[in-house]
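> For reference, the structure I am asking about is given below.
There are 2 protein chains.
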Amino acid sequence: MKLRDDKKTQQVFDAALGLVKEKGLAGITMSAIAKEAGIATGTLYIYFTNKEELINSLFSECRKASLESYFRNYDAARPFKEGFKTVWTNILKFRIENFEEVVFMDQCYHSPFLNECTMKLTKQMKYPLFKLVERGKEENAFKQLDTFLLLTFMIGAIHEGVKNAHYSRKALKKTDMETMFTLCWDGMKQ
Amino acid sequence: MKLRDDKKTQQVFDAALGLVKEKGLAGITMSAIAKEAGIATGTLYIYFTNKEELINSLFSECRKASLESYFRNYDAARPFKEGFKTVWTNILKFRIENFEEVVFMDQCYHSPFLNECTMKLTKQMKYPLFKLVERGKEENAFKQLDTFLLLTFMIGAIHEGVKNAHYSRKALKKTDMETMFTLCWDGMKQ
DNA sequence: TTCTTTAATGAATAATTATTCATTTAAGTT
DNA sequence: AACTTAAATGAATAATTATTCATTAAAGAA
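Chains A and B are the protein sequences, given in the same order. Under this note's numbering, the first sequence has 137 at position 137, and the numbering climbs by one with no breaks. Under this note's numbering, the second sequence has 1096 at position 96, and the numbering climbs by one with no breaks.
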């Protein structure tokens, strides 16, 4: 009995991400994905029941990777500013290094592909970040403002910064990151 | 001789924007647009040579409307902070009131539809904003940092704020806007 | 080695979507 | 009113894309 090739799923994901980055969601087809992944079109249907499921699976995978990266090296026992900067930097770096995923996820939000379940799970994603900002308020590091507004502010600056860095085709230097962090921190700080 | 109906172009644009907001770029078809606009599919091809041109026209229209809104009521003779707040508020309000356009434009950036010309023109869009931020630096209102980083920071916070307000389904209150402006200003100020 | 099972293939089919075109309709001109 | 011209229509066609399926290939079990 022949066994399924575990590497194939990842090949398909990589192929799909590459295509989305180039042409957007509206530009990817099952045959293009198969070709890019180096497999036959029919093989896609062994690993995914259809295009919708392929996209939802990939989205979930991206969301998971994204989420997992955020709190890497975060130590709640350390001072708040240090921890906040760690998370802030994790988010920025993840988005720079995984720009394809970011583009894909952005495009999916307004697509006919994502199902209810995928959508719902995604909303829960921000909860740990929410708690982090709350901690900042509790410790009087941050202004006593609506947590969602603060969180949105922080996230927005990162998202746009990454997009801009990407399209201007110059890598963000370490000093740029410091600058961006300072802007964010100064905005939020008490 | 029958004359072209000038209202039709706008009807088509409205229809397309509505559909994009619901289903994304990947979800709109020429027949769906026609149906939504209340005209026959063939009629679309009288006003636009094909789907690509339709989308590029709509994109240009949206970009123009967006750009025109930014400096409404801006008076360079008034103090910087006042002028900056005017522009900041204009951008925020435009994006709230024209959320469909915003979604459409976002989706277009990574689509196979936008042509070179449309892309290029779009990049020039931010120039007046760039100059505004430069003025802030010259008057020592803003930190002496890279103008692009400052601009990106400002824009990012607005973009994300609007998205969030929309998806959380609660209208931004006047106080929320004040809060958001303060966060932005405090981040950028000297 | 032979058998069995499932992965893999890619051409064929089904479904969807863009585009065309013969025909009709409406508006302006003579 | 009769004529002319271009808009409008929507069914038909072309093009593209998703999905299936008969067939082959590969890997483990007997």
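Even for Gly, the Cβ is constructed at its ideal location relative to N, Cα and C.
So if DSSP puts lysine 1189 (chain B) in a beta bridge, which residue, or which two residues, is it bridged to?
Locating residue 1189 (chain B) in the second sequence gives position 189, where the first residue counts as 1. Lysine 1189 (chain B) pairs with B:Phe1142.
> Along the region 138–154 of chain A, what residues have a CB closer than 9 Å to any CB found in chain B?
Those would be Lys143, Leu145, Asp146, Phe148, Leu149, Leu150, Leu151, Thr152, Phe153, Met154, in chain order.
> Inspect the beta-carbon positions of leucine 1025 (chain B) and alanine 32 (chain A) and report whether they are closer than 8 Å.
For the purposes of this step, residue 1025 (chain B) is taken as residue 25 along the second sequence, with counting starting at 1. For the purposes of this step, residue 32 (chain A) is taken as residue 32 along the first sequence, with counting starting at 1. Against a cut-off of 8 Å, the Cβ pair of alanine 32 (chain A) and leucine 1025 (chain B) comes out as no contact.
> Using a 10 Å radius around the Cβ and a threshold of 16 neighbouring Cβ atoms, would you call lysine 1163 (chain B) buried or exposed?
Numbered from 1 along the second sequence, position 163 holds the residue referred to as residue 1163 (chain B). Flag for lysine 1163 (chain B) reads buried.
> In its own chain, which residues sit with a C-beta less than 6 Å from the C-beta of glutamate 52 (chain A), not counting the 5 before and 5 after it?
As a working mapping, residue 52 (chain A) is identified with position 52 in the first sequence. Here the set comprises Phe113.
> Give every residue of the same chain whose Cβ lies closer than 7 Å to the Cβ of glutamine 1190 (chain B), excluding the five residues on either side of it in the sequence, and list them in chain order.
Here residue 1190 (chain B) refers to the residue found at position 190 of the second sequence. Result list for glutamine 1190 (chain B): Asn1140, Ala1141, Phe1142, Lys1143, in chain order.
> Between which two residues does the alpha helix (DSSP H) containing isoleucine 91 (chain A) stretch?
In the first sequence, the residue the question calls residue 91 (chain A) occupies position 91. Run containing isoleucine 91 (chain A): 80–97, per the alpha helix (DSSP H) assignment.
> Would you kindly check if the distance between the Cβ of isoleucine 1055 (chain B) and the Cβ of alanine 1165 (chain B) is under 8 Å?
What you label residue 1165 (chain B) is simply residue 165 of the second sequence in a count that begins at 1. What you label residue 1055 (chain B) is simply residue 55 of the second sequence in a count that begins at 1. It is not a contact, given that the beta carbons lie outside the stated cut-off.
> Leaving aside the five residues before and after aspartate 1075 (chain B) along the sequence, list all residues of the same chain whose C-beta is less than 7 Å from its C-beta, in chain order.
Within the second sequence, residue 1075 (chain B) is the residue found at index 75, counting from 1. Cβ neighbours of aspartate 1075 (chain B) beyond the five flanking positions: Gly1083.
> Cα-Cα, which of A:Ile155, A:Leu121, A:Thr175, A:Lys170 is closest to glycine 187 (chain A)?
Walking along the first sequence from the start, residue 187 (chain A) turns up at place 187. The option with the nearest alpha carbon to glycine 187 (chain A) is A:Ile155.
> Keeping to the same chain, check which residues put their C-beta closer than 7 Å to that of leucine 172 (chain A); ignore five residues upstream and five downstream.
Sequence index remark: in the first sequence, residue 172 (chain A) carries index 172 (1-based). For leucine 172 (chain A), where only same-chain residues beyond five positions count, the Cβ hits under 7 Å are Ile96, Ala165.
> Excluding five sequence neighbours on each side, which residues of the same chain lie with their C-beta closer than 7 Å to the C-beta of phenylalanine 1094 (chain B)?
Numbered from 1 along the second sequence, position 94 holds the residue referred to as residue 1094 (chain B). Result list for phenylalanine 1094 (chain B): Ser1066, Ser1069, in chain order.
> Helix, strand or coil: how does DSSP classify lysine 1120 (chain B) here?
Here residue 1120 (chain B) corresponds to residue number 120 of the second sequence, with the count starting at 1. Correct three-state label for lysine 1120 (chain B): helix.
> Relative to chain B, which residues along the region 109–123 of chain A have a C-beta separation below 9 Å, given in chain order?
Tyr109, His110, Ser111, Pro112, Phe113, Lys123
> Which same chain residues end up closer than 8 Å to leucine 1151 (chain B) when comparing Cβ atoms and leaving out the 5 residues on each side of it in sequence?
Against the second sequence, residue 1151 (chain B) aligns to sequence position 151. Here the set comprises Lys1126, Leu1129, Phe1130, Val1133.
> Show which residues of chain B have a CB atom less than 9 Å away from the CB atom of lysine 23 (chain A).
The residue labelled residue 23 (chain A) in the question sits at position 23 within the first sequence. At a C-beta separation below 9 Å, lysine 23 (chain A) has these neighbours in chain B: His1110, Ser1111, Pro1112.
> Are any of the Cβ atoms in chain B nearer than 8 Å to that of leucine 183 (chain A)?
The count along the first sequence starts at 1 and reaches residue 183 (chain A) at position 183. Yes, leucine 183 (chain A) lies at the interface with chain B (some Cβ there is under 8 Å from its Cβ).
> Using 8 Å as the limit for Cβ to Cβ distance, is threonine 179 (chain A) near chain B?
Indexing the first sequence from 1 puts residue 179 (chain A) at position 179. Output row for threonine 179 (chain A): interface = yes.
> May I ask you to verify whether the region 103–122 of chain A touches the region 35–49 of chain A, counting CB pairs closer than 8 Å and requiring at least 3?
no
> Give me the chain A residues within the contact set of glycine 1103 (chain B), using Cβ-Cβ distance strictly less than 8 Å, ordered along the chain.
Taking the first residue of the second sequence as 1, we reach residue 1103 (chain B) at position 103. The amino acid at residue 1103 (chain B) is misidentified as glycine; the sequence shows valine. Scanning chain A for C-beta atoms nearer than 8 Å to the C-beta of valine 1103 (chain B) yields His110, reported in chain order.
> Could you tell me which chain A residues have their CB closer than 9 Å to the CB of asparagine 1164 (chain B), listed as they occur along the chain?
The residue given as residue 1164 (chain B) occupies position 164 in the second sequence. Correct list: Phe148, Leu149, Leu151, Thr152, Ile155, Gly156.
> Chain A beta carbons: is any one of them nearer than 8 Å to that of glutamine 1190 (chain B)?
Looking up residue 1190 (chain B) in the second sequence gives position 190. Residue-level contact by beta carbon fails for glutamine 1190 (chain B) and chain A, as no gap is shorter than 8 Å.
> Assuming isoleucine 1039 (chain B) and lysine 1008 (chain B) form a contact by the criterion Cβ under 8 Å, report the distance between their Cβ atoms to the nearest whole angstrom.
Stepping through the second sequence from its first residue, residue 1039 (chain B) is reached at position 39. Stepping through the second sequence from its first residue, residue 1008 (chain B) is reached at position 8. Isoleucine 1039 (chain B) to lysine 1008 (chain B), Cβ: 7 Å. Contact.
> Out of A:Lys81, A:Glu178, A:Lys174, which one is the CA nearest neighbour of leucine 138 (chain A)?
Within the first sequence, numbered from 1, the residue matching residue 138 (chain A) stands at position 138. Here residue 138 (chain A) turns out to be glutamate, not leucine, going by the sequence shown. Taking only the C-alpha atoms, the option nearest glutamate 138 (chain A) is A:Lys81.
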